[in-house]
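Presented below is the structure to which this report refers.
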Amino acid sequence: MRYALLGRSGLRVSGLCLGTMTFDAAGRGWCVSKEDGHRIFDAFLEAGGNFIDTHTYGPTEDYLGEYLEGDRDRVVLATKFGGTLAPDDVNASGGHRKSMLRSVENSLRRLKTDYVDLLWLHAWDALTPVDELMRGLDDLVRAGKVLHVGVANAPAWAVARASTLAELRGWTPFCALQVEYSLVERDVDREFVPMAKELDLAIAAWTPLASGWLTGKYLPSRDDSAAGRPRRLDDPVMSRFLPRNERTVAIAEEVCAIAGEIGCLPAHVALNWLRRRGTIPIFGATSVEQVKENAACFDFELSADQVDRLSAVSRIKLGFPHDFLRSGMVRRLMYGDHGDLIDSGRG
1 MRYALLGRSG LRVSGLCLGT MTFDAAGRGW CVSKEDGHRI FDAFLEAGGN
51 FIDTHTYGPT EDYLGEYLEG DRDRVVLATK FGGTLAPDDV NASGGHRKSM
101 LRSVENSLRR LKTDYVDLLW LHAWDALTPV DELMRGLDDL VRAGKVLHVG
151 VANAPAWAVA RASTLAELRG WTPFCALQVE YSLVERDVDR EFVPMAKELD
201 LAIAAWTPLA SGWLTGKYLP SRDDSAAGRP RRLDDPVMSR FLPRNERTVA
251 IAEEVCAIAG EIGCLPAHVA LNWLRRRGTI PIFGATSVEQ VKENAACFDF
301 ELSADQVDRL SAVSRIKLGF PHDFLRSGMV RRLMYGDHGD LIDSGRG
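Note that full-length UniProt numbering gives residue 316 to position 316 of the sequence shown, counting from 1, and the numbers run on in steps of one.
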């Protein structure tokens, strides 16, 4: 296992983060029992992992509260707030102070701890003033209930505004960003990746294997539906994250081809590509074997040719203003004849 700094903080986190969405015995068919979840958790720690990502829905925080006994200090524990657990309560969700404090207090109780290392806003709340959000998060940090704060599933402009406001007012800024990111889903390359670099935000990627596509198991030649195992592709809720189209199939086929060249699993290639981009993949597991397999993504380096092939098959159009600013006409307008002669590391 390799490690990374969590954005602008000094906190060291494992290069892979274990997501706990599968830790729900009463959940869908691709979830695991409490006992199996504990074995997966232990296997992740044994592999050198320390970064655990959870949420407030279902029993996962309760499970982790038991799993963490004796291991709390070695784990970097992240949870979320903002989503409702009581749809009939108008103030049970959102980024406002009441929701924030209520959610954190309940999470601490379920997790059997007095602090969380990282608190994510689960999704952007357009109704809560940004100063209320950031001052509320800062108060939690000053109270010692939260050490660091991050944001998930938010517009880039909102993240930039919130972090800048926090810096100007001496509050705790975001140090991490959680987004959907994979070879299949690269929209974040347009705004989020450059913003994260500029603001020194760690990027944690959910669905780094495109909900299973980048393992190759949904390719027509390798479909495992006949094996009888419930699949996310057949789940009416999760299937929306599994677009079956020519681009997705082409990317999955290229990943599998490169895996064959290296002699590794397709998942290793997909995770390695993300790690090369400075991203921390959040992966879920339904078995101890999957944990061990995913940890092996650090055991090799993709060649320049392989990186180029993956980039080519997954490339997206950056659109305006990025393509416009990269055009020869605009570069000549802004830099004259010296655009390629200025060494800056920028742009």
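Heads up, the beta-carbon is just placed ideally off N, CA and C, and yes, glycines get one too.
Exercise for the section: Give a yes or no on contact between the segment 146-160 and the segment 56-71, applying the rule of three or more CB pairs nearer than 8 Å. Expected result: no
Problem - Whole-Å CB distance - Tyr-181 paired with Leu-121, under 8 Å assumed - result: As a position in the sequence shown, residue 181 is number 181, starting the count at 1. As a position in the sequence shown, residue 121 is number 121, starting the count at 1. Actually they do not touch by this definition, with Cβ atoms about 18 Å apart.
Handout entry: Cβ-based burial, Pro-220 [other Cβ within 10 Å; buried from 16]
Key = By 1-based counting over the sequence shown, the position of residue 220 is 220. Exposed, since its Cβ has fewer than 16 Cβ neighbours within 10 Å.
Handout entry: Length of the line joining the Cα atoms of Leu-147 and Asp-24
Key = Reading the sequence shown from its first residue, position 147 is the one you call residue 147. Reading the sequence shown from its first residue, position 24 is the one you call residue 24. Roughly 27 Å separates the two Cα atoms.
Problem - Simplified DSSP assignment, three categories, for Leu-177 - result: In the sequence shown, the residue the question calls residue 177 occupies position 177. In the structure shown, Leu-177 sits in a strand (DSSP, three-state: E or B).
Practice task
Determine the direct distance from the alpha carbon of Thr-215 to that of Gly-284, and round the result to whole angstroms.
Solution key: Here the question's residue 284 lines up with position 284 in the sequence shown. Here the question's residue 215 lines up with position 215 in the sequence shown. Straight-line measurement puts the Cα of Thr-215 at about 13 Å from the Cα of Gly-284.
Exercise for the section: Within its chain, find whatever has a CB closer than 7 Å to the CB of Asp-131; leave out the 5 residues flanking it on each side and keep chain order. Expected result: For this step, residue 131 is matched to residue 131 along the sequence shown. Cβ within range, chain order: Leu-165.
Exercise for the section: Spatial neighbours of Thr-20 within its chain, please: CB distance less than 6 Å, with the 5 preceding and 5 following residues excluded, ordered by chain position. Expected result: By 1-based counting over the sequence shown, the position of residue 20 is 20. Excluding residues within five positions, the ones whose Cβ falls inside 6 Å are Thr-54, Thr-60.
Handout entry: Through-space distance from Asp-125 to Ala-296, alpha-carbon basis
Key = Here the question's residue 296 lines up with position 296 in the sequence shown. Here the question's residue 125 lines up with position 125 in the sequence shown. Straight-line Cα distance between these residues: approximately 37 Å.
Practice task
Would you identify the three-state DSSP class for Lys-80, choosing helix, strand or coil?
Solution key: Along the sequence shown, read from residue 1 onward, the residue named residue 80 stands at position 80. Three-state DSSP puts Lys-80 in a strand.
Problem - Pair within 9 Å by beta-carbon distance, Ser-314 and Leu-183 - result: Translated into positions along the sequence shown, residue 314 becomes position 314. Translated into positions along the sequence shown, residue 183 becomes position 183. Result yes, Cβ atoms of Ser-314 and Leu-183 sit closer than 9 Å.
Handout entry: Sequence-distant residues of the same chain with beta carbon closer than 6 Å to Gly-136, five excluded per side
Key = The residue given as residue 136 occupies position 136 in the sequence shown. Closer than 6 Å at Cβ, skipping near neighbours: Arg-97, Met-100.
Practice task
Could you check which residue in Glu-261, Ala-210, Gly-263 has the C-alpha nearest to that of Val-249?
Solution key: Reading the sequence shown from its first residue, position 249 is the one you call residue 249. Of the listed residues, the one whose Cα sits closest to Val-249 is Ala-210.
Exercise for the section: For Tyr-67, I'd like the list of residues in its chain whose CB is within less than 7 Å of its CB, leaving aside the five on either flank, ordered along the chain. Expected result: For the purposes of this step, residue 67 is taken as the residue at position 67 of the sequence shown. Once the five neighbours on either side are set aside, the close Cβ partners of Tyr-67 are His-38, Phe-41.
Practice task
Let me know if Ala-205 comes out buried or exposed under the rule of 16 or more other beta-carbons within 10 Å of its beta-carbon.
Solution key: The count along the sequence shown starts at 1 and reaches residue 205 at position 205. Residue environment: Ala-205 is assigned as buried (16 or more neighbouring CB atoms within 10 Å of its CB, all protein chains considered).
Handout entry: Gly-228 to Asp-117 span [Cα, whole Å]
Key = Here residue 228 refers to the residue found at position 228 of the sequence shown. Here residue 117 refers to the residue found at position 117 of the sequence shown. With a pLDDT of 47 at Gly-228, under the threshold of 50, the modelled position of this residue cannot be trusted, and the question is left open.
Handout entry: Contact under 9 Å by Cβ, Val-151 with Arg-277
Key = Translated into the one-based positions of the sequence shown, residue 151 becomes position 151. Translated into the one-based positions of the sequence shown, residue 277 becomes position 277. Not in contact: Val-151 and Arg-277 (Cβ atoms no closer than 9 Å).
Practice task
Between the Cα of His-268 and those of Arg-109, Glu-253, Asp-299, spot the shortest distance and give me the residue it belongs to.
Solution key: In the sequence shown, the residue the question calls residue 268 occupies position 268. Its Cα nearest to that of His-268, the residue Asp-299 stands out among Arg-109, Glu-253, Asp-299.
Exercise for the section: Given a cut-off of 9 Å, decide if Arg-74 and Leu-45 are closer than it, judged by their beta-carbon atoms. Expected result: Indexing the sequence shown from 1 puts residue 45 at position 45. Indexing the sequence shown from 1 puts residue 74 at position 74. The answer is yes: Cβ separation under 9 Å.
Exercise for the section: Report yes if the CB atom of Ile-52 is closer than 9 Å to the CB atom of Leu-85, and no otherwise. Expected result: The residue given as residue 52 occupies position 52 in the sequence shown. The residue given as residue 85 occupies position 85 in the sequence shown. In this structure, Leu-85 does not lie closer than 9 Å to Ile-52 by Cβ.
Handout entry: Member of Leu-64, Leu-111, Asn-153 whose CA lies at the smallest distance from the CA of Gly-83
Key = Walking along the sequence shown from the start, residue 83 turns up at place 83. It is Asn-153.
Practice task
Can you grab the Cα-Cα spacing for the pair Gly-95 / Ser-14, in whole Å?
Solution key: What you label residue 95 is simply residue 95 of the sequence shown in a count that begins at 1. What you label residue 14 is simply residue 14 of the sequence shown in a count that begins at 1. Using only the alpha carbons, I get a separation of about 28 Å.
Problem - Endpoints, the beta strand (DSSP E) within which Arg-12 is located - result: By 1-based counting over the sequence shown, the position of residue 12 is 12. First-last of the beta strand (DSSP E) with Arg-12: 12-14.
Practice task
Would you kindly report the start and end of the unbroken alpha helix (DSSP H) that includes His-38?
Solution key: The residue labelled residue 38 in the question sits at position 38 within the sequence shown. Residues 34-46.
Practice task
State the DSSP-derived secondary structure class of His-148, mapped to helix, strand or coil.
Solution key: Stepping through the sequence shown from its first residue, residue 148 is reached at position 148. His-148 falls in the strand class under three-state DSSP.
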